[in-house]
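A short write-up of the structure that comes next.
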Amino acid sequence: MIDFLQLLVYGVVLGSILTLGAIGVSLIFGILRFAHFAHGDIMTLGAFSALAVVSLGLPVLVALPIAMAITAVIAVVIDQTIYRRLRRTAPVILLISSFGMALGLRSLIQLIFGPNNQVFAKGIQMPYRWGDIVVKPDHLLIVGGAIVLVLVVHMFLSHTKMGKAMRAMSDNVDLAAACGIPAERVVMWTWILAGCLATAAGVFLGMDAQLHPVMGWNILLPVFAATILGGIGKPYGAIAGGMVIGIAMELSTMVMPPVYKPAVAFAIMVAMLIWRPQGIFKGQA
Amino acid sequence: MELSGLLFYGISLLTLAGIYGILSLGLNLQWGFTGQFNIGIAGFFAIGAYSTAILTAAPSNSFVGGFDLPTPVGLLVAVIMSGLLSVVIGWVTMRLRTDYLAIATIGIAEIIRLLLKNEDWLTNGVRGIPAIPKPLGLDSPLAFLIGIIVVLVVVYLLMEAARKSPWGRVLRAIRENENGVMAAGKNIQRFRLEAFVVGSTVMGLAGGLYAHYFGFISPEAFEPLFATFLVWVMLIAGGSGNNKGAILGAVLIWFVWSGSELATGYLPAEWQAQAGAVRVLLVAILLQVILLTRPQGLLPEDMGAGRTSDPTPKEGRPRKVPAGE
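Given below as structure tokens:
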């Protein structure tokens, strides 16, 4: 039972990280109609941008918004220089391009920061203990940060004009265009939002464990699983998807070797594709 | 036969280019003709390589193989296993958008890689499988190269026949206009599944040949990059939808990739450890440049090919009038 509760804690932490990634993937899919394969590496980019700021002597929480700004700008630049030109052809070309972008970003990060594991802060954190359950302060920070960011995204999508335009475009591109919604600006804001969320996901992932150039690529599959589970193109579904996948991955270590955690995410995703491909919240199949 | 170093290098370069050419032809059937986005090439490649390796390697105490079976049996099983895997993936994803196929294939490739690394009893884990024999007595490098070229030509001829056949025309029609083909009464999912399975078996065959060529395989060779990404760049560069382009792209990009290995040898010592990352970055940039400037590739698809009769009569060509009219 203690094991179960402890793993549940880890699962919620992982689920929070996956949720932040999956909301971005879901938004991009809704607006641009392609699965963004470089999203994991955008997370890595965010984490290492934060590391660069941290190395100047600033704390991680101050580095996070700066890294968000850096990553969002890079995401918009990638979109404007490459994806925008390819958007006129089939969305599937964007899929190939983003796959290449994933490997390009990863190599670039490895060239700049080196191929080794790195950490934001050295030393061991004193964990809180509730009975036999151990919770690190970073865990609370990650879950709390994710809740705050999800609320911000919710406010943005439901109360701002740009957020409403985004949802309109995600629901029906032609109708949105007919209503005079400025498509290019919506696309730009999608990248800014997805880039900021991916940065948070990457930084939290780095806080939870370590930073490594392949960290984002390794978590891409669970992020996609969370996106599909929640209903692709449905940002709110991504929260449910992220939590289910995160908790399932951690709980699976009770019966399977931990190396197969991504396989658990994949198995849930395949089951979902067979049973209900539009996801829990009926996205775009 | 005594080979000089340069000649030996040239033969190994061409042999690997040939194996990549076979992979590229397999992907061309899936992506070039049918518009299916398979980024789990490494998975099918690995299944093929490991199937034949386990069956044909010399017996070992450290894992369940090898069974010392004849190499043609190993290659046949390589084809069958990759085919079975693709039937399962295809069955789940064929009714969905190609994005799902992309996610499912990369997922299965990752899981296969995890299995190869961790299931020591079956694959000997990270230590890999040694002593895989050369097939059919093709012991010398030159003989093996000739063998690869023969396989490549046979696969090419089969793919060309498929492209020109009614079956191939349906695949390309599905790519261009799914609803139109459905309206014509074709079972789209069946055609898609067939194309996916045939393409994947070709990749499995390439994996088997790769295992026999090196005589040793380990999970490192099946990172998503080496098989999957390079093959995609090859096909896009050569011209997707064009079988000749698929082979041309494979040869050219393999030369670029191998050449970049020689070039990074001249980098300063502190950069040496990062040479791999430099090369991947260069190929990733190359892909974006091709997509932006020449998305149709060096040899674009021949959109008119495969018609049995030309409906618009060319000028100056006498129209055949059926007798009795």
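Residue numbers (the UniProt record's numbering), protein chains in the order written: chain G, 1 to 285; chain L, 1 to 325. C-beta atoms are modelled at their ideal positions from N, C-alpha and C, and glycine is treated no differently. In this text, all values refer to a predicted model and were calculated from it rather than measured experimentally.
Item: Assigned secondary structure, G/Gln-80 (DSSP; H/G/I helix, E/B strand, else coil); Value: helix
Item: Contacts around L/Ile-27, its chain only, beta-carbon distance under 6 Å, and the 5 residues preceding and following it disregarded; Value: According to the sequence as given, residue 27 of chain L is Leu; it is not Ile. Only Val-231 and Leu-235 meet the Cβ criterion.
Item: Beta-carbon neighbours of G/Arg-88, restricted to chain L and to distances below 9 Å; Value: Near G/Arg-88 there are no residues of chain L at all, since even the closest Cβ is about 11 Å away, more than 9 Å.
Item: Beta-bridge partners of G/Leu-211, as assigned by DSSP; Value: G/Gln-118
Item: Under 7 Å from the C-beta of residue 328 of chain L: neighbouring residues of chain G; Value: Because chain L in this structure spans residues 1 to 325, residue 328 of chain L falls outside the shown range and cannot be described.
Item: Residue-level contact to chain L via CB, G/Ile-133, 8 Å cutoff; Value: no
Item: Contact list for G/Gln-110 against chain L, beta-carbon separation under 8 Å; Value: Gln-274 and Ala-277
Item: Chain-ordered residues of the stretch 85-107 of chain L with a beta carbon less than 8 Å from chain G; Value: Val-92, Thr-93, Arg-95, Leu-96, Arg-97, Thr-98, Asp-99, Tyr-100, Ala-102, Ile-103, Ala-104, Ile-106 and Gly-107
Item: Validate contact between the stretch 118-125 of chain G and the stretch 196-211 of chain G using beta carbons, cut 8 Å, 3 pairs; Value: yes
Item: Three-state secondary structure (DSSP) of L/Ile-217; Value: strand
Item: Cβ separation of G/Leu-105 and G/Leu-45, assumed to be a contact under 8 Å, to the nearest whole Å; Value: 6 Å
Item: Between the CA atoms of L/Gly-245 and L/Leu-84 - distance to the nearest angstrom; Value: 28 Å
Item: Where G/Lys-261 falls, given that 16 or more other Cβ within 10 Å makes a residue buried; Value: buried
Item: Terminal residues of the alpha helix (DSSP H) in which L/Tyr-9 lies; Value: 5-27
Item: The stretch 5-23 of chain L contacting the stretch 203-211 of chain L, beta-carbon criterion three pairs below 8 Å; Value: yes
Item: Extent of the continuous alpha helix (DSSP H) run through G/Val-260; Value: One detail in the question is off: residue 260 of chain G reads as Tyr in this sequence, not Val. Per DSSP, G/Tyr-260 belongs to no alpha helix (DSSP H) and is neither H nor E.
Item: Segments assigned alpha helix (DSSP H), at least 4 residues, entirely inside the stretch 155-221 of chain G; Value: 161-171, 173-178 and 183-208
Item: Residue of L/Leu-75, L/Glu-110 and L/Glu-176 minimising C-alpha distance to G/Ala-90; Value: L/Glu-176
Item: Contact belief for L/Ile-129 with L/Ile-217 at Cβ below 8 Å, rounded distance in angstroms; Value: 6 Å
Item: Neighbour flag for L/Gly-35 against chain G, beta carbons, 8 Å; Value: yes
Item: Within 8 Å, strictly: CB atoms of L/Ala-109 and L/Pro-219; Value: no
Item: Residue-level contact to chain G via CB, L/Val-280, 8 Å cutoff; Value: yes
Item: Backbone CA spacing between L/Thr-15 and L/Gly-35 [nearest angstrom]; Value: 28 Å
Item: Separation of L/Trp-257 from G/Val-173, as counted between CA atoms; Value: 41 Å
Item: For L/Arg-97, the residue or residues it bridges with in DSSP; Value: Looking at the DSSP assignment, L/Arg-97 forms no beta bridge with any residue, so it has no partner.
Item: Contact set for L/Val-233: own chain, Cβ-Cβ below 7 Å, skip 5 residues either direction; Value: Ile-253, Val-283, Leu-286 and Leu-287
Item: Minimum Cβ-Cβ distance from G/Val-92 to chain L less than 8 Å; Value: yes
Item: Endpoints, the beta strand (DSSP E) within which G/Val-134 is located; Value: 133-135
Item: C-alpha gap between G/Pro-72 and G/Val-25, whole angstroms; Value: The displayed chain sequence assigns Ala, not Pro, to residue 72 of chain G. Their backbone Cα atoms lie some 14 Å apart in a straight line.
Item: C-beta neighbour in chain G for L/Pro-268, strict 8 Å; Value: no
Item: Where G/Ile-96 falls: helix, strand or coil (DSSP); Value: helix
Item: Residues within the stretch 159-175 of chain G neighbouring chain L, beta-carbon criterion of under 8 Å; Value: none
Item: Terminal residues of the beta strand (DSSP E) in which L/Trp-31 lies; Value: No beta strand (DSSP E) contains L/Trp-31, which DSSP labels as neither H nor E.
Item: Buried or exposed by the 16-neighbour rule on C-beta atoms within 10 Å, applied to L/Phe-44; Value: buried
Item: Contacts that G/Arg-85 makes with chain L (C-beta to C-beta distance below 9 Å); Value: Leu-291 and Leu-292
Item: Rounded distance between the beta-carbons of L/Pro-141 and L/Thr-71, thought under 8 Å; Value: Actually they do not touch by this definition, with Cβ atoms about 17 Å apart.
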